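A.B. asks:
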Amino acid sequence: MAGFILKRLVQSVFVMLAVAFLAFSLFTFVGDPISQMTGVETSLQDQARLREELGLNDPFVVQFMRFTGDMLQGDFGYSFRTREPIGAMLLSRLPATLELGVVALVISLVVGIPAGIYTALRPRGLVSQSILIGTLIGVSIPTFVIGILLIFLFGVQLGWLPTFGRGGTVQIGWWRSSLFTGDGWRSLVLPSLTLGLFQLTLTMRLVRAQMMEVMRTDHIRFAIARGVPWRSIRYRHALSNTLIPVITIIGLQFGGVIAFSIVTESVFQWPGMGLLFLESIRFVDIPVMSVYLVVIAFFFVVINLLVDLLYVAIDPRLRVRESA
Amino acid sequence: MPETGKMARLVRSEGVWLFSRSPSAILAAIATVLIVLGALFAPWIAPTNPYDLASFSLFDGLLPPVWADGGDARFLLGTDDQGRDMLSSILYGARLSLSIAAMAMAVALVLGVGLGLAAGYFGGRLDAIVMRIADVQLALPAILTALLIDGISRGILPRALHDDLRVAVITLAIALSLWVNFARTARASVFVERNKDYVQAAIMMGQHPLRIMFRHILPNIVGPLLVIATVDLASAILLEATLSFLGVGLPANAPSLGTLIRIGMQYLLSGEWWILWIPTVFLVVLVVAINLLGDFLRDLFNPGMR
Amino acid sequence: MLDVQGLTVRFRDRHGATTAVENVSMQVAKGEIHGLVGESGAGKSTIGAAIMGLLPAAGEIASGTLTLGETDLRALTPAEAHRLRGKRVSMIFQDPQTSLNPLMTIESQLIETILAHENMSIDAARTRAIALLEEIGIANAAARIRAYPHQFSGGMRQRVVIALALCTNPELIIADEPTTALDVAVQAQVLVLIRRLAQTRGVGFILITHDIGVIAQISDRVTVLRGGKVIEQGPTPRVLGQPEHPYTKALMAAVPRLDRRMDRFHLPRIAGETEAPAHRATTREAEDWLMAGTGTGPGPALDLSGITVRFRGERRGLFGPRADFTALDDVSLSVRPGTVMGLVGESGSGKSTLAKVIAALVQPAAGEMRLDGMILPPMRARHRSDPSRRLVQMVFQDPYSSLNSRHRVIDILSEPLWLYGLEPDAGRRDRLARAMLALVGLDATAADRYPHQFSGGQRQRIAVARALLSRPGLLLCDEPTSALDVSIQAQILNLLKDMQARFGLTVLFISHNLAVVRQMSDDIAVLKDGLLLETGLSETFFAGPRAAYARDLLAQTPTVRFDHPAA
Chain A
2 MAGFILKRLV QSVFVMLAVA FLAFSLFTFV GDPISQMTGV ETSLQDQARL REELGLNDPF
62 VVQFMRFTGD MLQGDFGYSF RTREPIGAML LSRLPATLEL GVVALVISLV VGIPAGIYTA
122 LRPRGLVSQS ILIGTLIGVS IPTFVIGILL IFLFGVQLGW LPTFGRGGTV QIGWWRSSLF
182 TGDGWRSLVL PSLTLGLFQL TLTMRLVRAQ MMEVMRTDHI RFAIARGVPW RSIRYRHALS
242 NTLIPVITII GLQFGGVIAF SIVTESVFQW PGMGLLFLES IRFVDIPVMS VYLVVIAFFF
302 VVINLLVDLL YVAIDPRLRV RESA
Chain B
230 MPETGKMARL VRSEGVWLFS RSPSAILAAI ATVLIVLGAL FAPWIAPTNP YDLASFSLFD
290 GLLPPVWADG GDARFLLGTD DQGRDMLSSI LYGARLSLSI AAMAMAVALV LGVGLGLAAG
350 YFGGRLDAIV MRIADVQLAL PAILTALLID GISRGILPRA LHDDLRVAVI TLAIALSLWV
410 NFARTARASV FVERNKDYVQ AAIMMGQHPL RIMFRHILPN IVGPLLVIAT VDLASAILLE
470 ATLSFLGVGL PANAPSLGTL IRIGMQYLLS GEWWILWIPT VFLVVLVVAI NLLGDFLRDL
530 FNPGMR
Chain C
342 MLDVQGLTVR FRDRHGATTA VENVSMQVAK GEIHGLVGES GAGKSTIGAA IMGLLPAAGE
402 IASGTLTLGE TDLRALTPAE AHRLRGKRVS MIFQDPQTSL NPLMTIESQL IETILAHENM
462 SIDAARTRAI ALLEEIGIAN AAARIRAYPH QFSGGMRQRV VIALALCTNP ELIIADEPTT
522 ALDVAVQAQV LVLIRRLAQT RGVGFILITH DIGVIAQISD RVTVLRGGKV IEQGPTPRVL
582 GQPEHPYTKA LMAAVPRLDR RMDRFHLPRI AGETEAPAHR ATTREAEDWL MAGTGTGPGP
642 ALDLSGITVR FRGERRGLFG PRADFTALDD VSLSVRPGTV MGLVGESGSG KSTLAKVIAA
702 LVQPAAGEMR LDGMILPPMR ARHRSDPSRR LVQMVFQDPY SSLNSRHRVI DILSEPLWLY
762 GLEPDAGRRD RLARAMLALV GLDATAADRY PHQFSGGQRQ RIAVARALLS RPGLLLCDEP
822 TSALDVSIQA QILNLLKDMQ ARFGLTVLFI SHNLAVVRQM SDDIAVLKDG LLLETGLSET
882 FFAGPRAAYA RDLLAQTPTV RFDHPAA
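Dropping the structure here:
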């Protein structure tokens, strides 16, 4: 068990290092930081001095280690465009994205898992077939179109909900939250629905496929053959076996939530990290791009480590090794 | 060889039978074929050439589709603000979207299947390296990868060159975000196949690894790869549309379906609904149809799920 | 107790409907073990599923009555049927590895099943579960009940499965191939347990199996099925001892005997079956070609000395040592030229690994191999063009996976001719491949078809043809018949014997089945846990094995004891 977790930990560190390397290469090779930082009027001598001061003449490995070390200490450098510290920029945008992502993920799980179970248990029912067709269309509509549709319907036609921004927010320490005002929640509805709908369809289809597979296994057939109540067969025996692979993939899906939050934030002008990233691409603000990259990968890696821990908690085959 | 292989036999018997009994698959196939043909032959069947500035005039701007009030018989689906025929724009747009998606899918397929086969067959260090790269790629979701590549290319390429290379950049960006699917599927399938006796027999006989990989193993794993290819084609179309929508994809003078939708967004609040909704519906129908086909193929190769 | 009358089960498919079981009648009394025996496709499992009310969605009972005690099983509503399952009828599945929920302890699975059918407290249920586990042969049950399924060995797991089927005191238990996935020693124990439970508890068993030895050992009555129809039915000693129907006779003749060696299996022709007529001229061509390549003398001698194979295990704990697994430990063995060496052992004994070492599919950690005195390089050192690649050929266990399903038979067969440069001319390769098909008893038209169009036995013939087309000297046969029905097994064994004798091949014949090995081998070697326990002349071994383990193995192998002089 400890070995399993250690292995995953090492893998995670490897992934993080690789991403950091990617980010650093981006930083170093794409565009010249000096010419980005200075104007035309800066003399070549000044440029050379700056280069030396910033350590840009050091060997590549030394620079990379410094880059990684700075990151570990929370020093993410400065934006080319705004000259602000990137750490502070991201931190101010982080709550918006996290709240959006988490609410969307909750929507996708709370609706997706029961719907998946239902359609797996009654595969031929009318409701199941409709849900299946619905989800197929769901995975086929681009997120931004879903956003446009929702804006059109609830914002423009019905005028029920706001279509951009976070609405009323409350400041708690450095965290600006829209979860504490009615207005904030109303603003959150459409973006999180947009983001959650796509994940929901994926979750549902995954749960369905896994559940149908589990229902065909020998141990379920044996449980049926010895007359274990159907409720227990479905929700105790089958569901727990279904969730093990599902949890893994939901961990991977978190990456999808983050990625599509870029799109959602763009459609709803939601002031999160995704929007910041889009702006940084448009203005070729390399430092912001590379830090964003590292931060996203970090989230992804942490979530997947948590998933592995959960895995160990659920599966006795990983928890208990010795024979009885 | 594959035409007479198990694939084809499956298609000839079970596949065709199931297909004939699945109205959704038939509809999806018809829709896909129609759209692909329309896109392929756009230069010949489209009423006008939307890239040719001389072929449209501002006087025809913002005309609604034929069936709506004020529609003009020349413009079946209406016109945009420039007076461009919507039908032509959509056909040319679909042509661009489909060819980018198909090229990206092809690149991802060759790259992914090649790496996946090799990783699965040789195992060991090569496998570890390929899979770690795949892990990193997985930590960076498709849209992020594509956006990054676009961002990088803006950073290193001069502006004019970047505009010229946009199609290539976006194809590469999409391909790079899709190869992992192929690689993982191919690798997992190879792991299963490699331990089967027919492969062991080939190894034992001393056949060349390349021959074993491509002549023995590959034909046996086309099923799952075909499913992935179909689903990924749909993802590629969506990805391209999303990138274009975000404004980092294709420019407005050579609009893909996504670009058309982005342009149409400006008319969300005005009365000219067709400029937004017609390309949107077209895109969704195309992707739904391809995904339906993907679902059908998945069921076909996974008989237990039926 | 159980009365089945005129049971007919149909399966709907796209061609209409196929009849899987036709007009089957049978009775099971209290405490009786009723064997259902037949080859694949005989409909034995379908009968079990019909009694349980668990036919797949496409299947339906077309006619017949099923009565358990006073209950008409066909008249039950789905809910009533589900309540009856476990309470009055239960079932044991083939594979104990997959029959238990891996995420729940044995305790919660047992208690849940008891409480589903009986009105008692959890503590009472636990007490009953522990008592039952003790009865079934699990020592220290009070503690071990808290374990998860993966913490038990295969045989113990099957005991737990039996306990689960038994915990609500059903009248009837349907056991579907309950020992097929188990080793001989464990199989013997499980069979004894079933016999004991039938006697002491008065439970009726329906024992579904393809293994006539198992039936002969413990069943009271037997029903022989073929193609969904009852061929013969009656008390086991009568049916197996003096079979009346030609099919049963043929089946009995095909069962390899443990008590004596026969030159060939004498397989009487069953009505309705035709054998492909062999064209002498065609088979001669293949024969002459083989003779021209291998010469008339016996095949090469194989000498193994000190073969050791280790597989890397997982690390124990964070920095603990690797738990390496020694699959073969210093095995030295010689196969005399032109003879058959039988290699026996339970699963995990390392017998397949040894074949793979010789075939260069597994790298040994130590040891030396010689083929006719010449060094036979191990896996990493054996070049692709090494002459031994051609000389050493193998027939694999699973005929469904040993032939590439995407290649035509002719392509599969021509491959060695082309690869080893035996025949440069494509037309001649084609002719030879077809001639070889005729030699192994297949029609020449088989060449243009794909493997999936053939039965398991026919595929194994193709595999033999492929091996022969390399002009081999040494043939490795790794459980070549264990995936086949018994009558097909006899045909393939006959074929292998014929080919071995005619071309003087040296053969290493691997099997877990002692009776099969006795029929095939001149010499024998016994492996256990990677160690070579005993080796010597086959007939001497069967007269009296030296190693205690080998004696146990021999004693535990089920035999068909009802001798009948005619066969």
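Protein chains in written order, with the numbering used here: chain A, 2 to 325; chain B, 230 to 535; chain C, 342 to 908. Virtual Cβ for every residue (Gly too), placed ideally from N, Cα, C. From a predicted model like this one, the values you see are computed outputs, not experimental measurements.
For residue 434/B, go through chain C and note every residue whose CB falls closer than 7 angstroms to its CB, in chain order.
C.D. replies: Simply 730, 757 and 760.
A.B. asks: Are residue 392/C and residue 561/C close, meaning C-beta to C-beta below 7 angstroms?
C.D. replies: No, the pair does not count as a contact, with Cβ atoms beyond the cut-off.
A.B. asks: Quick one: any contact between the segment 443-454 of chain B and the segment 412-419 of chain B, if contact means 3 or more CB pairs under 8 angstroms?
C.D. replies: Counting Cβ pairs under 8 angstroms, three or more are found: they touch.
A.B. asks: Going straight from the alpha carbon of residue 593/C to that of residue 547/C, what length do you get?
C.D. replies: C-alpha separation (whole angstroms): 21 angstroms.
A.B. asks: Is residue 121/A near residue 212/A, with beta carbons less than 7 angstroms apart?
C.D. replies: Contact flag set, yes.
A.B. asks: What does a CB cutoff of less than 8 angstroms around residue 428/B pick up in its chain, not counting 5 residues either side in sequence?
C.D. replies: Excluding positions up to five away in sequence, the list reads 422, 441, 445 and 446.
A.B. asks: Give the list of continuous alpha helix (DSSP H) stretches no shorter than 4 residues that lie fully inside the segment 821-906 of chain C.
C.D. replies: 827-844, 855-861, 879-884 and 889-897, all fully within the segment 821-906 of chain C.
A.B. asks: Got a sec? Which residues, its chain only, sit under 8 angstroms from residue 463/C by beta carbon, not counting five neighbours each side?
C.D. replies: Only 452 and 456 meet the Cβ criterion.
A.B. asks: Output needed for residue 687/C: all residues of its chain with C-beta closer than 6 angstroms, excluding positions within five of it in sequence on either side, in chain order.
C.D. replies: The answer, listed in chain order, is 524.
A.B. asks: Provide the residue span of the alpha helix (DSSP H) that contains residue 459/C, from first to last.
C.D. replies: Unbroken run through residue 459/C: none, as it is neither H nor E.
A.B. asks: Could you tell me the distance, in whole angstroms, from the CA atom of residue 423/C to the CA atom of residue 429/C?
C.D. replies: C-alpha separation (whole angstroms): 10 angstroms.
A.B. asks: Can you tell me the Cβ-Cβ gap for residue 862/C and residue 844/C, rounded? I've got them flagged as a contact below 8 angstroms.
C.D. replies: In fact, because the Cβ distance is near 17 angstroms, the residues do not count as touching under 8 angstroms.
A.B. asks: Kindly say whether residue 516/B, judged by its beta-carbon, lies nearer than 7 angstroms to any beta-carbon of chain A.
C.D. replies: With 7 angstroms as the cut-off, residue 516/B counts as an interface residue toward chain A.
A.B. asks: Determine, using beta carbons only, whether residue 364/B comes closer than 7 angstroms to chain C.
C.D. replies: False, the Cβ-Cβ gap to chain C never drops below 7 angstroms.
A.B. asks: Taking the beta carbon of residue 854/C as the centre, do at least 16 other beta carbons fall within 10 Å, making it buried, or is it exposed?
C.D. replies: Answer is buried; the Cβ neighbour count reaches 16.
A.B. asks: In the segment 414-426 of chain C, which residues sit with their C-beta less than 8 angstroms from some C-beta in chain A, listed in chain order?
C.D. replies: Cβ contacts with chain A: 423, 424, 425 and 426.
A.B. asks: Give a yes or no on whether the minimum CB-CB distance between residue 535/B and chain A is below 7 angstroms.
C.D. replies: Caution applies to residue 535/B, whose pLDDT of 39 falls short of 50 and renders its modelled position unreliable; the value that the coordinates give is listed next. Not one chain A Cβ lies under 7 angstroms of residue 535/B.
A.B. asks: Does the beta-carbon of residue 697/C have 16 or more other beta-carbons within 10 angstroms, so that it is buried, or is it exposed?
C.D. replies: Buried, by the Cβ-count rule.
A.B. asks: With a cut-off of 8 angstroms on the beta carbons, I'd call residue 306/B and residue 316/B a contact; round off their distance for me.
C.D. replies: The Cβ separation is near 4 angstroms, so the contact holds.
A.B. asks: Count the other C-beta atoms from every protein chain shown that fall within 10 angstroms of the C-beta of residue 246/B, then say buried if there are 16 or more, exposed otherwise.
C.D. replies: So residue 246/B counts as exposed.
A.B. asks: What are the complete alpha helix (DSSP H) segments, minimum 4 residues, inside the segment 786-812 of chain C?
C.D. replies: Segments of the alpha helix (DSSP H) lying fully in the segment 786-812 of chain C: 797-809.
A.B. asks: Name, in chain order, the residues that DSSP records as bridge partners for residue 161/A.
C.D. replies: Partner(s): none; residue 161/A has no beta bridge.
A.B. asks: Quick check on residue 460/C - is its C-beta less than 7 angstroms from some C-beta in chain A?
C.D. replies: Output row for residue 460/C: interface = no.
A.B. asks: By alpha-carbon positions, which one of 267/B, 516/B, 461/B and 335/B ends up nearest to residue 487/B?
C.D. replies: Ranking 267/B, 516/B, 461/B and 335/B by Cα distance to residue 487/B puts 516/B first.
A.B. asks: DSSP beta-bridge partners for residue 443/C?
C.D. replies: According to DSSP, which records beta bridges pairwise, residue 443/C is partnered with nothing at all.
A.B. asks: Using a C-beta to C-beta distance shorter than 8 angstroms, which residues of chain C count as neighbours of residue 449/B?
C.D. replies: Under the 8 angstroms cutoff, chain C gives 745, 746 and 747.
A.B. asks: Using beta-carbon positions only, say whether residue 118/A and residue 288/A come within less than 7 angstroms of one another.
C.D. replies: No, they are not a contact pair.
A.B. asks: Which whole runs of the alpha helix (DSSP H) in the segment 16-92 of chain A are 4 residues long or more, in chain order?
C.D. replies: Listed in chain order, the complete alpha helix (DSSP H) runs (minimum 4 residues) inside the segment 16-92 of chain A are 34-38, 45-54 and 61-73.
A.B. asks: Please work out which residues of its chain come closer than 7 angstroms, Cβ to Cβ, to residue 612/C, disregarding the five sequence neighbours upstream and downstream, and give them in chain order.
C.D. replies: Unreliable positioning characterises residue 612/C in this predicted model, as indicated by a pLDDT of 48, which lies under 50. The coordinate reading is nonetheless provided below. Hits under 7 angstroms: 587.
A.B. asks: Any C-beta of chain A sitting closer than 7 angstroms to the C-beta of residue 547/C?
C.D. replies: No, no contact with chain A.
A.B. asks: Please report the residue range of the beta strand (DSSP E) in which residue 576/C lies.
C.D. replies: From DSSP, the beta strand (DSSP E) with residue 576/C extends over 570-576.
A.B. asks: Can you pull out the residues from the segment 252-283 of chain A whose beta carbon lies closer than 8 angstroms to at least one beta carbon of chain B?
C.D. replies: Against chain B - using a Cβ distance shorter than 8 angstroms - the residues of the segment 252-283 of chain A are 253, 256, 257, 259, 260, 261, 263, 264, 267, 278, 279, 281, 282 and 283.
A.B. asks: What does residue 355/C reach in chain B if we use C-beta pairs closer than 9 angstroms?
C.D. replies: Within 9 angstroms Cβ-Cβ: 243, 246, 247 and 250.
A.B. asks: With residue 399/C as the anchor, note down where its beta strand (DSSP E) starts and where it stops.
C.D. replies: First-last for residue 399/C: undefined, no H or E at that position.
A.B. asks: Give me, in chain order, the residues of the same chain whose beta-carbon lies closer than 7 angstroms to that of residue 807/C; leave out the 5 immediate sequence neighbours on both sides.
C.D. replies: Excluding sequence neighbours, residue 807/C sits near 753, 754 and 757.
A.B. asks: Could you check which residue in 882/C, 446/C and 889/C has the C-alpha nearest to that of residue 600/C?
C.D. replies: Here the closest residue by C-alpha is 882/C.
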